[in-house]
Each structure stands twice: as structure tokens, then as C-alpha cells.
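Asker: Submitted below is the structure of interest, expressed as C-alpha cells.
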Amino acid sequence: TFFFILIFLLIYLSPGEIVVNEVNFVRKCISTENNQEGLWGKLICTNFKVSFIPQDPSPKQVFTSTLSHLLLGEHDIPLTCLEQVVTVNDTKGKKKVLGSNQKLKFNPTELILYCKDLRIIRFCFDEAGPESAKKVCLAIAHYSHPADLQLLFGFEYQGRRYHESKGIERVNGSPPRGGLQTPMFDRSSDWDREIKRTNASEWRVCSINQSYFVSSSLPEHIVVPASLTDQDLMNYAVSFTDGRIPMWCWNHANGSALVRMASLTDPLQHRKPEQKIFAAITKSHPQRNEPFRSDLDKSLPSILDIQSAFVKLRQICILGEAFLKHSAEMVYHLDGKNSSVILQEEEDRDLNCVISSLVQLMLDPHYRSLIGFQSLVQKEWVMAGHRFLDRCNHLKKNDKEESPLFLLFLDCVWQMMNQYPAAFEFTETYLTVLSDSMWIPLFSTFLFSSSKQRRQHLMDFAKHKAIPQGEDQVVYFPPVWEWSQQFSTKDQTLFNNPMYVGKGAACVQNGEVKTFKRTKKAYSSTLRGPSTPVRNGIKGGEDTLTRRVSLVTELKSELTPVKDESPSERFFKEWFSRPADLQGMLIPLVMPSHMAFWKLFFLRWVPEACISKGGPVTTYHKLSQLVDEIEILQSQLRQYKGTSPRSTPLPNPGGPPSERRRMYFKASSPDDPPTPPDYLTSSFPFTPEGNLSRRTVQGTPISKFLNGARIWLSTETLANDTV
Amino acid sequence: RRDPTAAALKCRTVLAAGTLSVNPADPGIWSLGERASAPYFTFFVFSPTGSHVEWCKQLIAATISSQISGSVQPDIVSRDNKVKMFQNQVPLLPGETIQTTVKDVMYICPFSGLVNGTLTITDYKLYFISVEKSPFILDVNLGVISRLETICVPIQGENNKGLELVCKDMRSPRFAYKMEESQPDVVEVLAKHAFPLSHSLPLFAFLYKEQFPVDGWKVYDPASEYRRQGLPNESWTISKINSTYELCDTYPSILVIPTNITDEDIKRVAVFRAKHRIPVLSWIHPESQATIVRCSQPLVGPSDRRCKEDERFLQIIMDANAQSHKLTIFDARQSSVAITNKAKDGGYESESFYPNVELNFLEIPNIHVMRESLRKMKDVVYPTIDEAHWHSAIDQTHWLDYIRLLLAGAAKIADKLESGKTSVVVHCSDGWDRTAQLTSLAMLMLDSYYRTLRGFQVLVEKEWISFGHKFSARVGHGDENHANSERSPLFVQFIDCVWQMTRQFPAAFEFNELFLITVLDHLYSCLVAQEVPGKTVALWSYINSQPEDFTNPFYVDYENHVLYPLVSSRHLELWTSYYARWNPRMRPQVPVHQTLKELLILRAELQRRVEELQREASSHSLSSSSDHSPTHTTGTPLHTAV
């Protein structure tokens, strides 16, 4: 009938996407106030996503201005984003968590999808055919557990996309990697540029790992002390886990280097190579300062701890605190003590990624720009061999390997951003969208565990899809950094922080280019502030009563003019005693009283936590408009400057064309309403509407969480779940 | 040695121009634990109670590093005639006199150890200045002192005395000094002027002589406020029945009551309500005509007394709103407390005697619980913070739980009016504490006028001062009886709730955080007593004379928008920039509004330049069309890089 044709027309299928199974007359529980009934429509499982097509295509088009994904609709969930597929039979009181190739002995009346991006979605089958409902549930469970990496939809999609777009690109003669400015660090020139940028003259690019000859998890090109020959390195490599010889990350302006390494395979036998390499690192330091080594396995929570903390959620802040604190200590060694730092971890593929990238984020303003941040993730995570495939558990094969380290890192970045809101070129929306992209299997960034694995899979893939050899893999399997794959140019402007853009404008206006070099001036001061114990726990545990009684003793200690203060404590105190230079070193305060809860990320899908007409976006709105106005004015000034007085067509008052404007909210015209639009909520640009509301999740984990419970999304609570 | 005055001049003028420009290399700021930077201290003299204003500015300035240096020219003319050299002098307010000066006093700073300096006590403040290493000033106004305690000091031989000032604003500075035979004891002088009422002295507010360009006493005019609400109308009238305060001595002279009721009935209702506080209108919804009515508890007593007139009164209130056939009473108290109150001749409305009335208890604990909670909070934030147990320590004070109860209660009231279109009656026991908190918060949610700088002042004047919140008893103005059970931080709690709302709706309030802190500081300062109109300079005069300092640059008028704050514990935060502000380690976040202000200046500058160029270009095209001479190729101003 016409009705069904209409519905069928509404599902958007990406190239290579096929419908596996579908069921009609499904009710999705949603949380609008005027829609208690839920939304009726059709539930579809494809080889890419779970899709829901509402019968009434436009129930409320208020949310048109929110972030819209180019490949995923409002009700779509990529299969890789599914955490758990739970089927329930209400009348029989049964429920089952579905895995791959499982049988279902009852007809489900409900399907609950727990998603990795923290959404919880519920479908009811009261009016649907029981058999087809069951089939769809089984299909979803099956397709969300792919047997092989190559079965992830990205391979199908990018192959089609490559062949479809190939003709056009050839015509345009566009170079490979066209438009992508983020260095991938898969070629030596990217490393070379980084060496030059940080003035690391005592370091060189080394290509002994060409074809992954030395290590299966290191990139092909790494940076090593200039004093070591390729032959030395080859000899030393066997001593390290997986041949991971120490790898340079970054150089401080004072010449200290940040280096990461794996542990020795046999500490007793292989001390010598380690000493040789340490000596070379010392030699690469301008003052020949001894490097400082930090064993992260001993000083930080384990990967398992991180996973369980994430389940408990409340503790993620506490974890972030530990990582930020440790990173700040590394900053002290690099900057305050002027010594190189070697980060050591058993495999050098997990904790080292977090710490090395946080340290660089604190020390180098370049990484606080959008491109810089992306290159940092590329360098310290993707190329350094963070096992995204296992840690994300895309294939759902080994739950024990799963650990949200990258999310933890993003949370730490957000903590810094929260304390220094004008220091980052990107917004918290960007961080959130980046984390969501982990669960969309279309980008090479988060699909593999090492650059060798990537190379192999993509070569197989290229062969399979008849992509000519020698074609750059970035062209046929792009990284997540190619944001135009996911979002329109307009939506991408949500990534731009108006405070940063505006500040940049101010800098240029003064003609002063702020450089990273000013650090020295800012930190070396003769001022000695009064002593403050940095660890505040000293007087912890004392209540008022004992404080009164022991006043005399306390006074005594109080009256000592300068207390024992470690050099690092003094270093931090001095740094905090003066205003922060956003273009210099930035150290976040890591005490519990300063760690905040990342509301946008954690609460965006919770309707009850959504502040209507409020939230930080209301200030973002105004800043964005103001900066847009500033940019228009600047472009007008430039035009005046450019036009010769002879041929004076008056400059276009509209400013630059809208696609080149960097702000999401454009300068308001006099016709605009005086107040920000109604759709601005604290969840913006996300909308919690499609998610379960508290009313419908009474007693479920999320409602317990909202009430302050510690357990969330774990299987145990699911079992106690009163659906 | 740098010249503090010159530095102060520079700072002051830059501030006046709207940017906060601080030399990042200036080591003065943040050098000592407390407000210790010379440049800022010298200009405390500009404003009567400038210390906290400058403190806040200093916090803001200290966290700002970059500035638009080119666009702001120092303009030293403004108010510089008021700048005086205060190397070792105490800045005094008009009318303020020095009572005693003691040299060689040690300030025992919990953050930086001992500081040696000179202590001066005036009839308004305690002023400690040290010029030893880096200049250091501690300025405590006497009204903020809750009690004085002598402490033991184990240093430097005999005659040493120790003194702790336990303050109402969450700090307790301590001093050590040597007793001199010839001088009166510091403690005595302090006690006399810190607690003038206990020593038969006037509050400093009566001695204060500063003149402000704006008169704050004109802020609130009941008649015009009711006119703004559309009153009187056919159901409600503005009554003069209390014009001589005979009906109720804690109510204002002008009351809004239903039209259809006789004075006789009102008098009977007054007898039935505690302290004669009859139900009167606080706010009326412009569309639905649903109203917020406030009163005190009915004197039901153990024998379940009834009052026909009171029952009829509430019926008339319900009838005045055609949209609903119900009336909701919100009793702020815990239900158990309301029941025990019956034994003490108080009580609550019985639903069986009041038809169509729905009674809700909001379960808010009494003033003593609140006082205890804030006391615990002080232990958590001063002098040191136990970071390891920060969250649990905050939880244990329950302060945020009570904030949640208040906000949730007010949101229920607002929702009843807005969504339910139903009139509500709010009361607690006497109707001047929790009732004031609830009605004013609900009005803040419902009416965007109260979210403006002026509107908020009206709200406080109306719901708190005119309806007899016992400020002097709750704060303990000038009274040394610190253990007085009448003291309670209810107004602090209210302002905290407002702050929570400003956090959730950063663009919906015209005033800023500094405004809220200023209001609270003045609550204690006694400089501007709020209850004695006509005799003192109002807080509002001070604020309205420099509104730019207290204005939120993000403000947009959410006119006709009802704003419901979220009250889950996830959304309530501890107001550390108020409660923990004396701790130098609690650095405030870089305020976003500062960036906005800088951007506004940048925009103005760019606009100016574009206009200049436009003028030039148009004059050029005019002249070039009339005169074809190729000589005047100007374009010189175009070189400015953008």
C-alpha cells in the first residue's frame, strides 16, 4: 500500500547498507510530556544500525537546529554502539541478555538497548507480530557481535564510497588526503615537522620499524636520540616488550624531552640496553640532565580499575584526578626541574597514552588548538598503538579487555577546559562528538589496535575491493578527523570555541604573536610565597573539638614561618600564585573540590537532567554571536584595506560568506527575538527526547544513578531491574 | 620598592575602562594567602565597603592573563582626587573614627604563618596592616564578628595574649599581641564596637555619612509594584487596614486582600492567625490570575478550633481565580512539627474544614537545623580544607540537602501556578522565615522582572523586609550573644538558592555573583542597616550608584518565561566562591563573563574603525565624483592590522 511505500522511503540507507530484518507497529518509549503513548513506527535492523522510523514523520520539528548526523537519524543506533541487548517478556516475567547466535525461548514484549554512549532505549511490541519481533531482536543481537573485524560495516561502506567518489576526485585532480590538515604520523615527514616545531635538534626520525620489522605495535617511523645508530637500536629492541624501544613524544622549550617506553622483557638480563638508551637520552638534553623515570604501572590505577570505575561512574572524576595529578608531576620534572621524563608502562600502550597526551596538553598550547589536539591523539594514541579494538570491544569478544581509557582522557581534557575555558580552540561538544565517533565503525581511527594491524587489514581490504595498490589508505578509509563524513559544515562550527577564536582575534589585532617560548619568563620568578601545605590532608580528620583542645600545639606548628615544603609543592604554588597564561603552560587544580562532573557528556540523554532554557549553552550562544560580529567587522576592515581608493565598491556589509564563518550562532539581526531560541537546553546540541525518561525507568539503573546510587549499567543491576 | 599608589592608579583606571588588565609578571597578586596585594588595597578607599568588591575583582583579575592592551588608554582623571597616600594610614569612611591602634601585633595566618603589623580598630572595622615583606592588609568589618575568643599563644614571654575573631562570614582570623599597661585592652575595645547594642551604643549605620548619587530608599514603592502586577483588580484590593500597624505590627501598611471581605472579618481572621499575620497576596499571575498568598499558621490548637471567617477567606481567595476550583496550601514545615505545633496552640488547616483545599507539607527543617548546618560548613571550609574527604564532609553538613528542599518547594509552588493555574497559600509557623524564602524564590522563577537588578531589590524589600523577616534577630546585628537561638542564616540560604539558579540559567539574571556576595556582606556589615529606613544609607544606593559592577553581561530578558531549576543533587553545587573564599587555595574559575567583556570592547573598537573607514570611503567617492584630481589618495588609517 501507499502507507508502506512511504515508510520504506523514509529509511536512509548508506552505501553498502542492507536491511536485515524489520518489524512494524512497534512503540518506542520516549519522554516528551505531551506524548505519554510513545512513538509508533517500524523497527529495522540493518548491517550498520538499529533504525526506528516513526509512522508520523514529523511529530515535533522543534529540534531541527540540533546536531544532525549525516549518516544516522535521530532514532538510529550503530550496532557497534550497543552495549547490551535485553529482551523481556512482561507477562511471563522473563528476560534475557542476548548474545550472538543465541536462542530465545519466549516471544519478547519489549526490547531494551543499552548503548555505549549511555543512551537507554526501549521498544515495546504490544501490537507487533510476535515472530517478527523476535526475529528482529535476534538479528540485532547477532549483527552487533560480528565474528570478524572485516565484517564491521565500515569496510563495506568505505569501499563503496571510494568507488563512487573516485571518478569525481580524479576529475578535480585533488591530491590524496585533500583537505585533511591533521598530520597522521604515518610518514617520517610528519615526525620531522614535529621535531622542528619543538626544536628537538638532538633527536632524529628513525625508520628501523619499516614493515613492522622490529615491533608489531610501534609505528613505522619513530623519533629517537640522535646519538643512537639504527644498528644500536636494532640490538636493543629485543630487550623491550614487543620490541618497543623508547619513543620520543615531545620536547620542552628548555630542551627536556618526553619519552615513553615499555618495560624490559627480562629486567635482570637487559639492564644494559636500558642504561645505554638512558645515556643517549641524557646526551640529547642540552644540559645533559639525567632523565626522570616514572613507572606508571606502580603509580596509577590499573586498566581494570578504570573499567570498574566507569561502571560506577561517580568515580570517574576521582580517577581523572589521579591521572591529572600524575601528569602535573611530570610537568614539574620537565619544566621545573628541566629534566627529561621517561614514562614507563609494561606495554606502553595504555596508561602512557593518557599521561603523555595530558602532559603535552598542559605544556604546549599547540595541542589546545583543534588540529593540534587531533594530531596529539593521532600521535600518542593511534600511532603509539593504543589497542582501540580491544579497549572498545568492538567485536564483543573479550569483556575483560574492555576499558574506557580514551573516555577517561577526554574527561581529563574536559576538566582542564572547565578550569580554563578560553584556552582551547574546541568545545565540549567536540569532545562529546569525538567520544561518540568511537562507536561508529566507519573510521580507521578507532577500529584497530596498532598501525601494523591497520596496514594489514586495509591492504586486505584494498585487495578485496579492487582499490589500486599504492593508494593512500587515508583516501579510501578516512580517519575520524574527516568530520565532513559525519557532519555538515554548519554543524562542525559547533566545535569552535568562541572564546578562543575571539581571543585569537584580539592577539592578532595587537600585532603580538603569543608564542610558547614565553614560558621561561613566566615561571622563573624570585618571589617566594608563604608556605602552604600542598597536601591539605595534614589536618584531616580532626573535628572541631580536638581542634580547640589542641590549639596550642597547632599554634606551634602554625607559628613556624616556613613549613617543610617539597620543591614540587613550591613549584606548583608559585605557578598558581600568578595569573595563568593561556598560551603557556596550564596546570589544572586537581583537588576533589575542583573536579567537576561532566554534565553534558554524562547527562545529555537524561530528560530529567535537562535544564530547559538554561545551561552553559546560553552563554555560548551570546559569545558565538558576538564573535561572529567581530569576524564580520574584521573582514570588512580587510576589504577596506584591500580595495584601492580608486575603484571603491563599498565592501559587502554582510561579511564573509556564511560557509566560511566559524561560529554556529550568527550575529543577530534586529529582527531576531531578544531571547535565545527555546530549543537551547543544557543538553544542546543533543536531545534527550528519544531516550527513556525517569517516569518510564523507575527502578532501572539510570534512575538509581540519578538518586545517587553507585552502580550503573552493570549486569547485576540489570538482573534486579524491575521492568 | 615599587610605588603602590601608582600601581593602584593604573589598576583602577583600567578597571574603570571595563577591562581587567593585570600584568602577569606582577608578583603582588596572590603573594600572600589573603588579600595581600598592594595595588588593590590602596583603592579600597574608593568605595565604602570596597574590600570585597576589590577582592572579587582581584580574583577575577588574577585569573585573567591576556588583555587587549592596545585598545584601552589609561585614563587617570577619574576620581583620582580621592586617592590618598595610605602607607601606614587607615582609610576611613565618612563618619568613621579610630578607637585604638596597637603596634607589633601578630596576625596568625592559617595559610602563611605569622605576619607582624599594626592593628587599628575603628567603630566600623578592624584593620590590620603589615609592611614587613610584601604589603599585607586584613580588613574585617566589625558587624561580621559573631564572637571574640581569647586563645593561648606560646611565644615570646609574658603578657602575650591571643585573640580569635569568630566571624559570620565563614572565617576566624587570629591575632597575638602584647598587653600594654597604658593601653586599653584590644578585646574590650573590640567588644564594645563589634557589639554596640550590648553596650548601649548606636550601630555604625547611624553614624555613616557618605552621600550616594542614587537614593536606595526609593527602590521599593509598594503601590507601584502592585500596579505593575495589575493590582488592584475586581477581585483584589489594596487595603489600608494596617496603615497604623494596628492589625499586625510585623506586616507592611499596604496589603493586598480580596475585595469581598469586611474589615470585621479580617480582624477575626487576624486573631486566628499566629502574630495576626493574615493571608495576603504576594504575587498574581498575569494570565491565569492564580495568586501566591502568604500568612502564618492558623491557631488551631489541640482542640481543633475553627474560624468561619478564615475558612471563608480562603474560599474567597480560591474564587478569585476562575481557572481552578482548588486551592493548595504549602506548609513549609515538616508534618511532624506541624502536628506538635497544635499542642502549642498552633497547627495547620484541616482539609475537612476547608473544602477544596489541598494541604502539602514541604518538610523543611527549622531555623536551628539550618544554623547548625552552616556551622558545620564553616568547619569544612575554614581554615583548611581536608581534600581527601571533601565530598563526604560537604555531604555531612546537609547544607545542599536543605537548598534542594527549598528550591524544590519553590518549584512546586511555581508549577502549581503556572501549569496548574491554581492559587497557593504559603505559610510556616510565623510566616516570616521559610515563607519568605519560598514565596520569593517562586516569584523569581515565575516573574522575569524579579530577575533584573532592580526587580530583585524590590523582591527583597517586599518579601523580606516589608513583611517582617527578623533580620536583626536572625543575623544578630551588634549583639554579643552569639549563642542566641534566634540567629539563623535564612537569608544566606535564600541567596544561595538564587545563586544556584544563576548557575543553571547563566543568561537569565541581570545581576551577577558579585551582586549576591555584596548583598550578603552588607547583611553583616551594619553599614547599611536594612530595617531602619530613612536613617541610614541603603545598600541599594551603593549598588545602584555603580550598577555596571553588578551586571551580568550575558543577561537577556527571558520575559514571560518560567524558569524551573533542577534540584537533583547532581545540579546543586557548593558555592565555594562565597563559603570558601578566604581560602587562597580555592581559586575561582576564570569567569566566562570576563572574556565576554573583552570581546565587547574589541567589537566596539572594530565598529569604530569600520565606521571611520566607511565615512572616509563615502566622502572619497563623493569627492572623487565631483573632483577628478588624483592627488588625494589617502587610505592612511587602513594600515592598522586586524
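Chains as they are written, first to last, in UniProt numbering: chain A, 1 to 723; chain B, 1 to 642.
All C-beta atoms in this analysis are idealised placements derived from N, C-alpha and C, irrespective of residue type, glycine included.
As the structure is a prediction and not an experimental result, all values here were calculated from the model.
#1: Do Ala322(A) and Arg349(A) have their C-beta atoms within less than 8 Å of each other?
#2: Taking Asp123(B) and Thr97(B) to be in contact with their CB atoms under 8 Å, please state how far apart those CB atoms are, rounded to whole angstroms.
#3: Closer than 8 Å by C-beta to His389(B): which residues in its own chain qualify, once you throw out the five before and the five after it? Chain order, please.
#4: Any residues in the segment 481–509 of chain B with a beta carbon nearer than 8 Å to a beta carbon of chain A? Which ones, in chain order?
#5: Any heavy atom of the ligand NAP inside 7 Å of the beta-carbon of Glu428(A)?
#6: Give me the chain A residues within the contact set of residue 643(B), using Cβ-Cβ distance strictly less than 8 Å, ordered along the chain.
#7: Report back the beta-carbon spacing between Ser448(B) and Asn560(B) to the nearest angstrom; my notes put them in contact at under 8 Å.
#8: Might you give, ordered along the chain, the residues of its own chain that have their beta carbon closer than 6 Å to the beta carbon of Trp283(B), omitting 5 neighbours on each side?
#9: Taking only three categories from DSSP, how would you classify Leu586(A)?
#10: Out of curiosity, what's the CA-to-CA distance linking His391(B) and Leu405(B)?
#11: Here's the rule: buried if 16 or more other CB atoms are within 10 angstroms of the residue's CB, otherwise exposed. What is Glu17(A)?
#12: Buried or exposed: which applies to residue 646(B), given that a residue is buried once 16 or more other Cβ atoms fall within 10 Å of its Cβ?
#13: Between Leu459(B) and Lys240(B), what straight-line distance do the alpha-carbon atoms span, to the nearest angstrom?
#14: What number of angstroms, rounded off, separates the C-alpha of Arg277(B) from the C-alpha of Phe330(B)?
#15: Candidates Val205(A), Ser188(A) and Thr80(A): which alpha carbon is nearest Gly154(A)'s?
#16: Apart from the five residues just before and just after Lys168(B), which ones in its own chain have a Cβ nearer than 6 Å to its Cβ?
#17: Tell me which residues share the same chain as Ser488(B) and place their Cβ nearer than 6 Å to its Cβ, disregarding the 5 neighbours each side in the sequence.
#18: Three Cβ pairs or more, each shorter than 8 Å: is that satisfied between the segment 485–499 of chain A and the segment 620–631 of chain A?
#19: With a CB to CB cut of under 6 Å and the five nearest residues on each side skipped, what residues in its chain are close to Leu39(A)?
#20: Using DSSP bridges, identify the partner residues of His427(B).
#21: Quick one, which of Lys218(B), Val186(B), Ala320(B) and Pro213(B) has its alpha-carbon nearest Asn233(B)'s?
#22: Let me see if you follow: with CB-CB separation under 8 Å, is Leu602(B) close to chain A or not?
#23: From which residue to which residue does the alpha helix (DSSP H) around Val433(A) run?
#24: Rounding to the nearest angstrom, what Cα-Cα distance links Lys573(A) and Phe128(B) in this structure?
#25: Going along the chain, which residues of its own chain have a beta-carbon closer than 6 Å to the beta-carbon of Val567(B), five neighbours each way excluded?
#26: Tell me which residue opens and which closes the alpha helix (DSSP H) that Trp483(A) is part of.
#27: Please classify Gln500(B): does DSSP put it in a helix, a strand, or coil?
#28: Nearest-angstrom Cα distance between Thr118(B) and Glu461(B)?
#29: Please name the residue or residues paired with Leu82(A) in a DSSP beta bridge.
#30: Closer than 7 Å by C-beta to Tyr12(A): which residues in its own chain qualify, once you throw out the five before and the five after it? Chain order, please.
#31: Excluding sequence positions up to five away, which residues of its chain have a Cβ less than 8 Å from the Cβ of Gln360(A)?
#32: I want to verify the contact list: residues of chain A whose CB lies under 8 Å from the CB of Phe554(B), in sequence order.
#33: DSSP puts Gln437(B) in a beta bridge; with which residues?
#34: Check whether the segment 401–408 of chain A touches the segment 464–480 of chain A, counting contact only when three or more Cβ pairs, one atom from each stretch, lie closer than 8 Å.
#35: Please list the residues of the segment 576–591 of chain A that have a C-beta atom closer than 9 Å to any C-beta atom in chain B, keeping them in chain order.
#36: Please list the segments of the beta strand (DSSP E) lying wholly inside the segment 204–285 of chain A, counting only runs of 3 or more residues, in order along the chain.
Answerer: According to the structure data:
#1: As a first step, residue 322(A) is located in the first sequence; it is residue number 322 there, counting from the start. As a first step, residue 349(A) is located in the first sequence; it is residue number 349 there, counting from the start. No.
#2: Within the second sequence, the letter at position 123 stands for residue 123(B). Within the second sequence, the letter at position 97 stands for residue 97(B). Asp123(B) to Thr97(B), Cβ: 6 Å. Contact.
#3: Against the second sequence, residue 389(B) aligns to sequence position 389. No residues qualify anywhere along the chain.
#4: Gln504, Phe505, Pro506, Ala507 and Ala508
#5: The model depicted lacks the ligand NAP and carries no ligand whatsoever.
#6: Absent from the structure is residue 643(B), since the part of chain B shown begins at 1 and ends at 642.
#7: By 1-based counting over the second sequence, the position of residue 448(B) is 448. By 1-based counting over the second sequence, the position of residue 560(B) is 560. Correct: roughly 7 Å between the Cβ atoms.
#8: Position 283 of the second sequence, counted from the start, is the residue given in the question as residue 283(B). Hits under 6 Å: Ile292 and Met443.
#9: To locate residue 586(A), count along the first sequence from 1; it is residue 586. In this structure, Leu586(A) counts as coil in the three-state DSSP scheme.
#10: Here residue 391(B) refers to the residue found at position 391 when the second sequence is read from its first residue. Here residue 405(B) refers to the residue found at position 405 when the second sequence is read from its first residue. Their backbone Cα atoms lie some 19 Å apart in a straight line.
#11: Taking the first residue of the first sequence as position 1, residue 17(A) is located at position 17. Buried, since its Cβ has 16 or more Cβ neighbours within 10 Å.
#12: Nothing about residue 646(B) can be reported from this structure: the residues present for chain B run from 1 to 642 only.
#13: If you number the second sequence from 1, residue 459(B) lands on position 459. If you number the second sequence from 1, residue 240(B) lands on position 240. Each residue's alpha carbon lies about 21 Å from the other.
#14: On the second sequence, residue 277(B) is found 277 positions in, with the first residue counted as 1. On the second sequence, residue 330(B) is found 330 positions in, with the first residue counted as 1. Rounded to the nearest angstrom, the two C-alpha atoms are 16 Å apart.
#15: Start at 1 with the first residue of the first sequence, and residue 154(A) comes out as number 154. Measuring C-alpha to C-alpha distances from Gly154(A) to each of Val205(A), Ser188(A) and Thr80(A) identifies Thr80(A) as the nearest.
#16: Here residue 168(B) corresponds to residue number 168 of the second sequence, with the count starting at 1. Result list for Lys168(B): Val144, Ser146 and Tyr524, in chain order.
#17: As a working mapping, residue 488(B) is identified with position 488 in the second sequence. Same-chain partners within the cutoff: Ile367, Met370, Arg371 and Arg474.
#18: yes
#19: Looking up residue 39(A) in the first sequence gives position 39. So the list reads Lys28, Ile30 and Pro54, once near-sequence residues are dropped.
#20: For the purposes of this step, residue 427(B) is taken as the residue at position 427 of the second sequence. The secondary-structure analysis by DSSP pairs His427(B) across a beta bridge with Asp331(B).
#21: For the purposes of this step, residue 233(B) is identified with residue 233 of the second sequence, where counting begins at 1. Relative to Asn233(B), the option among Lys218(B), Val186(B), Ala320(B) and Pro213(B) whose CA is nearest is Ala320(B).
#22: The residue you call residue 602(B) lines up with position 602 of the second sequence. With 8 Å as the cut-off, Leu602(B) counts as an interface residue toward chain A.
#23: On the first sequence, position 433 is the one that residue 433(A) refers to. Val433(A) -> alpha helix (DSSP H) spans Glu428 to Ser437.
#24: The residue you call residue 573(A) lines up with position 573 of the first sequence. The residue you call residue 128(B) lines up with position 128 of the second sequence. Each residue's alpha carbon lies about 25 Å from the other.
#25: Residue mapping note: residue 567(B) aligns to position 567 of the second sequence, counting from 1. Answer for Val567(B): Arg404, Leu407 and Ala408, listed in chain order.
#26: Along the first sequence, read from residue 1 onward, the residue named residue 483(A) stands at position 483. Note, Trp483(A): premise wrong, no alpha helix (DSSP H); not H, not E.
#27: If you number the second sequence from 1, residue 500(B) lands on position 500. Of the three classes helix, strand and coil, the one that applies to Gln500(B) here is helix, per DSSP.
#28: The residue labelled residue 118(B) in the question sits at position 118 within the second sequence. The residue labelled residue 461(B) in the question sits at position 461 within the second sequence. If you take the alpha carbons of Thr118(B) and Glu461(B), they lie about 40 Å apart.
#29: Stepping through the first sequence from its first residue, residue 82(A) is reached at position 82. In the DSSP output, where bridge partners are listed per residue, Leu82(A) has Cys115(A).
#30: In the first sequence, counting from the first residue as 1, residue 12(A) sits at position 12. Contacts found: Gly73.
#31: Position 360 of the first sequence holds residue 360(A). The residues are Cys249, Trp250, Leu258, Tyr367, Leu376 and Glu380.
#32: Start at 1 with the first residue of the second sequence, and residue 554(B) comes out as number 554. Simply Thr618, Thr619 and Lys622.
#33: As a first step, residue 437(B) must be located in the second sequence, where it is residue number 437. Beta-bridge pairing links Gln437(B) to no other residue.
#34: With a cut-off of 8 Å, the segment 464–480 of chain A and the segment 401–408 of chain A do not count as touching, because too few Cβ pairs lie within range.
#35: Phe576, Ser577, Arg578, Pro579, Ala580, Asp581, Leu582, Gln583, Gly584, Leu589 and Met591
#36: Here the runs fully enclosed are 222–225, 247–251 and 257–262.
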